[in-house]
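J.: Can you keep this structure in mind? I'll have questions shortly.
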Amino acid sequence: MSKRMILPLLLILGCLHSYGQGLHFGAKAGVNLFKVTGEGIKPGYKPGIQLGLLSSWDFNNKIGVQAELQYSQSNATRDANFSAKYINTNNPDGSAKVQLGYVTIPLLLKYNLNRYFTLNAGPEYSILFYSNEDLLLYNRDAFKRSNFGLSAGLTVNVQPVHFYGRFVQGLSNINGIDDRYDWKSQQIQVGIGVDIK
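Residues are numbered in this note's numbering as their position in the sequence shown, beginning at 1, plus a constant of 609.
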């Protein structure tokens with residue numbers, strides 16, 4: 610994982626920890642609907658799971674920040690036109706199913722509409738740490754190892770439980786084959802979280 614991403618996250622968490630009272634920790638789990646837009650990948654969202662830990666700090670009763678560390682299972686399917694688009698590298702005997710596992714660090718700004726509803730938005734950085742796909746010949750990887758995106762969503766708070774829905778738009782081209790076609794990820798995440806502290 611990039612040192613440029615870890616160091617700011619550790620500094621933020623360290624600063625938040627020093628304040629103590631407004632700091633909250635929790636865990637979350639939910640469904641991750643994932644799709645890749647681009648040539649050679651079948652359109653449509655595929656279900657996966659999402660698990661994570663979160664830390665949040667409210668500066669006042671309206672504004673706060675939330676940092677997360679999460680695992681996202683992401684699934685996709687090779688489209689029927691894949692072999693025509695990648696004629697020299699396509700593995701004709703490969704499986705059409707693609708399974709990817711990402712470790713993601715979202716850093717979100719929180720805006721509390723009231724005690725029950727919170728808007729969240731911010732950047733997130735993902736590292737591909739698990740890939741089960743054989744789309745290409747010679748065991749080449751079809752997907753790049755990192756992805757940067759923006760997320761936005763709504764959280765419903767019923768302390769100590771909260772329910773969240775979030776949309777994530779990938780900004781990076783995750784096509785690791787060549788530069789002819791852009792692949793961008795999109796995710797719809799729905800789940801439940803519990804405050805531990």
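Virtual Cβ for every residue (Gly too), placed ideally from N, Cα, C.
Have a look at leucine 632 and leucine 678 and give me their C-alpha separation to the nearest angstrom.
T.: Going by the C-alpha atoms only, they are around 16 Å apart.
J.: Could you pull out every unbroken beta strand (DSSP E) segment of at least 3 residues lying fully inside the segment 712-798, listed in chain order?
T.: Runs found: 726-741, 755-767 and 770-779.
J.: Can you look up glycine 629 in the DSSP assignment and give me helix, strand or coil?
T.: Since pLDDT at glycine 629 reaches only 46, below the 50 mark, its modelled position is unreliable, and the value read off the structure follows with that caveat. Coil at glycine 629, not helix or strand.
J.: Assign tyrosine 628 to one of two classes, buried (16 or more other C-beta atoms within 10 Å of its C-beta) or exposed (fewer than that).
T.: For tyrosine 628, the predicted structure reports a pLDDT of 48, less than 50, and the residue's modelled location is therefore unreliable. A value from the coordinates is still provided. That one is exposed.
J.: Since lysine 694 is in the alpha helix (DSSP H), which residue starts that stretch and which ends it?
T.: Per DSSP, lysine 694 belongs to the alpha helix (DSSP H) from 691-694.
J.: State the CB to CB distance for the pair glutamine 798 and glutamine 675, rounded to an integer number of angstroms; the pair is presumed to be in contact (CB under 8 Å).
T.: About 14 Å; that fails the 8 Å criterion.
J.: Among the residues of its own chain, which have a CB less than 6 Å from the CB of phenylalanine 772, if the five just before and after it don't count?
T.: Excluding positions up to five away in sequence, the list reads Val765 and Ile801.
J.: Find the nearest neighbour of asparagine 723 within the set Val767, Asn641, Ser665 and Ala636, judged by alpha-carbon distance.
T.: Checked all of Val767, Asn641, Ser665 and Ala636; the closest Cα to asparagine 723 is Val767.
J.: Can we say the segment 708-724 touches the segment 735-744, given the rule of at least three CB pairs closer than 8 Å?
T.: Output reads yes: the segment 735-744 touches the segment 708-724.
J.: Short of 6 Å in beta carbon distance, which residues of its chain neighbour leucine 625, apart from the five on each side in sequence? Order them along the chain.
T.: Only weak support is given to the placement of leucine 625: the predicted model assigns it a pLDDT of 47, under 50, and the value that follows is read from those uncertain coordinates. The residues are Leu632 and Trp666.
J.: Here's the rule I'm using: 16 or more other beta-carbon atoms within 10 Å means buried, otherwise exposed. How should alanine 689 be labelled?
T.: Classification of alanine 689: exposed, given that the 10 Å Cβ count is below 16.
J.: According to DSSP, is aspartate 804 helix, strand or coil?
T.: The answer is strand: DSSP assigns aspartate 804 an E or B state.
J.: Check whether the Cβ atoms of asparagine 807 and leucine 746 sit closer than 7 Å, and answer yes or no.
T.: Absent from the model: residue 807. The displayed extent of the chain is 610 to 806, so no value can be given.
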